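Below: the structure, in structure tokens.
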Amino acid sequence: MAWPNDLRVGFHLSMAGGPARLFRRYDDRGCTAFQMFLGSPRSWDVAEWSDDWLAAFREELCRRGSPPVVAHTRYLLNLASRHDAVRARSIATLRAEYRAASRLGADFLVLHMGSHPERERGLALMREGLLAALAEVAGPHPLLLLENTAGEAHDLGTAPADLAAIRTQLPFPTGICWDTCHAFQAGFDLTTAEGRRMLEQALVRAFGADGVAVVHLNDALFPRGRGRDRHAALDQGHIGALALASFLRSPLLRGATVIFETPQPDGPDDPAADLANRERLRRAFLEEPSSQTEGTPSILRGRGAARRTVPP
0 MAWPNDLRVG FHLSMAGGPA RLFRRYDDRG CTAFQMFLGS PRSWDVAEWS DDWLAAFREE
60 LCRRGSPPVV AHTRYLLNLA SRHDAVRARS IATLRAEYRA ASRLGADFLV LHMGSHPERE
120 RGLALMREGL LAALAEVAGP HPLLLLENTA GEAHDLGTAP ADLAAIRTQL PFPTGICWDT
180 CHAFQAGFDL TTAEGRRMLE QALVRAFGAD GVAVVHLNDA LFPRGRGRDR HAALDQGHIG
240 ALALASFLRS PLLRGATVIF ETPQPDGPDD PAADLANRER LRRAFLEEPS SQTEGTPSIL
300 RGRGAARRTV PP
């Protein structure tokens with residue numbers, strides 16, 4: 000189906016079983032984009048693919064019109080760690096993951112902001128780590144995306160200003176991945192029109208009209224402001240599908256890639272839970288009014304915002 004606001008919508012998919020299985024999962028869910036890890040998210044080992052594996056992946060991707068591919072870094076990385084050994088390993092692994100994503104032909108590589116008990120020191124370490132890892136290898140393809148956080152355990156990047164502070168000090172291009180559950184847990188109210196308007200204004204101030212390239216679309220298991228990074232299926236959390244659909248209609252997000260990271264209780268090969276979430280979003284778009292100009296920042300009015308295109 001064609002989604003409103005020129006959105007490309009898909010799911011986080013398992014790579015287990017190789018390209019044929021991966022793209023079967025893609026087809027079973029009716030994706031127009033997808034996300035994947037470049038190896039186990041809880042291991043330091045970066046996947047290494049044979050030329051035949053990569054050729055099969057690219058062939059399957061091309062057969063589906065070359066949809067956006069979002070690669071996600073592993074959870075272990077913390078470029079802002081107080082521990083030198085963790086920082087050094089995080090830097091080396093991020094560099095390896097960027098090269099792997101480039102070899103794969105991914106369009107985006109998503110990185111969680113790290114954590115540190117002292118915000119300013121943590122942001123400085125994060126910047127230094129990004130420079131050490133990527134200054135010599137990063138470019139527009141894949142585009143590195145910094146992801147907002149929920150506020151757990153000294154998280155950096157709960158506020159748009161934190162991510163903007165990092166981006167403006169880097170010599171290579173970056174974008175933003177905005178997670179709705181993380182934002183809600185950090186205190187942003189996506190459940191009301193006023194709350195969404197205030198969030199939209201904060202995003203525009205921090206990133207401009209086209210800074211958000213990817214949205215992680217997740218409901219939140221816990222109430223707003225708890226700092227708990229626990230995703231829920233749409234309408235089984237505290238945000239709701241209607242509020243999320245309204246957020247996605249923002250001109251700020253025109254052409255963005257939207258990825259569900261909602262629970263898959265029956266495993267990666269059973270699409271039932273993902274299809275249920277997809278259907279809830281589809282119905283929410285049908286119920287949610289399409290007009291969303293009241294309160295829209297002036298930078299977005301009348302121009303539809305810049306369309307997210309796959310980097311050249």
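Taking numbering that gives the first Met the number 0, the leading residue of the sequence shown gets 0, the next gets one more, and so forth.
Just so it is clear, CB atoms sit at the ideal spot from N, CA and C, and this is done for glycine as well.
Owing to the predicted nature of the structure, the values given are computational and were not obtained by experimental measurement.
Practice task
State the Cα-Cα distance for the pair R225 and R62, rounded to the nearest angstrom.
Solution key: 43 Å
Problem - Straight-line Cα distance separating D154 from E96 - result: 22 Å
Handout entry: Backbone CA spacing between L133 and R229 [nearest angstrom]
Key = 30 Å
Exercise for the section: From the DSSP output, in three-state form, read off L6 for me. Expected result: coil
Exercise for the section: Starting from E146, follow the beta strand (DSSP E) in both directions and report where the run begins and ends. Expected result: 142-146
Problem - Identity of the residues DSSP links to H215 by a beta bridge - result: D178, I258
Practice task
Classify F107 as helix, strand or coil using the three-state DSSP reduction.
Solution key: strand
Exercise for the section: Identify, in the order they occur along the chain, each residue of the same chain with its Cβ nearer than 6 Å to the Cβ of R214, setting aside the five sequence neighbours on each side. Expected result: The sequence shown places Val at residue 214, not Arg. Excluding residues within five positions, the ones whose Cβ falls inside 6 Å are W177, A255, V257.
Practice task
Express the C-alpha separation of D50 and I238 in angstroms, rounding to a whole number.
Solution key: 44 Å
Handout entry: Distance between beta carbons of L189 and I175, contact taken as under 8 Å
Key = Contact flag wrong, Cβ pair sits at about 16 Å.
Practice task
Report yes if the C-beta distance between R118 and L145 is below 9 Å; otherwise report no.
Solution key: no
Problem - Range of the contiguous beta strand (DSSP E) that encloses V69 - result: 68-71
Problem - Spatial distance of A149 from L251 (CA atoms) - result: 21 Å
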